[in-house]
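Inspection log for the structure reproduced underneath, given as structure tokens.
Numbering (the working numbering), first residue to last: 149 to 422.
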């Protein structure tokens with residue numbers, strides 16, 4: 149696996165995967181990336197620095213690994229963020245390879261979390277350009293949920309909550325991976341609840357998430373209950389009952405069994421548990 153992809157696996161949503169499987173690094177370069185993937189930046193950084201000094205390995209992969217290793221160091225390491233930002237900016241400026249795309253992704257993260265004050269507008273712009281220019285890349289797919297969160301909850305999005313949600317929904321078509329699409333739907337549904345917009349506006353997002361094959365078991369239980377409740381509130385008791393029954397069947401030991409049985413019985417679907 150290409151070195152940048154090794155780290156990207158830690159950044160992607162659960163179930164997502166890079167769009168392609170590039171060549172694997174070997175030797176000292178592979179060892180450096182493996183140390184970083186093992187959460188040992190203290191070992192990875194000197195390894196990458198030795199590779200630089202010796203002129204060994206893919207130079208762009210080495211510089212990218214050095215930057216990520218710097219960012220993963222303890223905060224008391226002098227100038228670690230500035231050094232990393234310099235490396236990332238150079239990589240992003242002179243290429244369209246995986247290292248360049250990864251560098252752009254990390255620069256957006258730095259704008260969001262390491263600028264003083266945080267610059268969510270700049271972060272969103274970098275993510276947006278990455279998605280527009282390389283939509284199928286693993287880095288662009290990893291950027292999508294982060295851009296949606298920025299639009300929904302920071303000054304990068306419109307002031308009006310309904311317009312924030314609308315802006316986020318426009319990005320749904322950019323999802324190329326099922327896990328990314330599910331994550332976007334769930335983030336948007338949560339925002340609709342957060343801003344106390346009409347609950348039924350979250351229903352299409354919950355339905356889309358539930359129909360996906362990549363939804364994890366714990367989240368699926370929550371989605372089934374929420375969908376049943378929203379359908380009940382929307383005046384569709386028959387469909388609500390189907391989702392309540394799915395939950396009862398799939399999660400027989402869940403603590404919500406009694407409450408869901410009560411709901412279902414109230415709609416003529418089942419008797420409450422004793």
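For each residue, glycine too, the CB sits at the ideal point set by N, CA and C.
Terminal residues of the continuous alpha helix (DSSP H) containing residue 362?
-> Neither: residue 362 is in no alpha helix (DSSP H) and is coded neither H nor E.
Mind reading off the beta-carbon distance from residue 332 to residue 319? Whole number of angstroms is fine, and I expect it under 8 Å.
-> 7 Å
Alpha carbon of residue 181 to alpha carbon of residue 367, nearest angstrom = 32 Å
In or out: residue 260 buried (at least 16 other Cβ within 10 Å) or exposed?
-> buried
Do you know offhand how far residue 405's Cα is from residue 256's?
-> 43 Å
Would the beta-carbon of residue 292 fall within 9 Å of that of residue 322?
-> yes
State the start and end residues of the unbroken alpha helix (DSSP H) segment that holds residue 193.
-> 189 to 202
Output the boundary residues of the alpha helix (DSSP H) element that contains residue 252.
-> 246 to 261
Give a yes or no on contact between the segment 236 to 245 and the segment 198 to 205, applying the rule of three or more CB pairs nearer than 8 Å.
-> no
Return the chain-ordered list of same chain residues with a C-beta closer than 8 Å to the C-beta of residue 396, the five sequence neighbours on each side being excluded.
-> 405, 408, 409, 412 and 418
Buried or exposed: which applies to residue 190, given that a residue is buried once 16 or more other Cβ atoms fall within 10 Å of its Cβ?
-> exposed
Rounded to whole angstroms, what's the CA-CA distance from residue 358 to residue 349? Just pull it up for me.
-> 15 Å
Exposed or buried, residue 214, counting other C-beta atoms within 10 Å across all chains shown (16 or more means buried)?
-> buried
Quick one: using the 10 Å Cβ neighbour count with 16 as the cut-off for buried, is residue 342 buried or exposed?
-> exposed
Buried or exposed: which applies to residue 403, given that a residue is buried once 16 or more other Cβ atoms fall within 10 Å of its Cβ?
-> exposed
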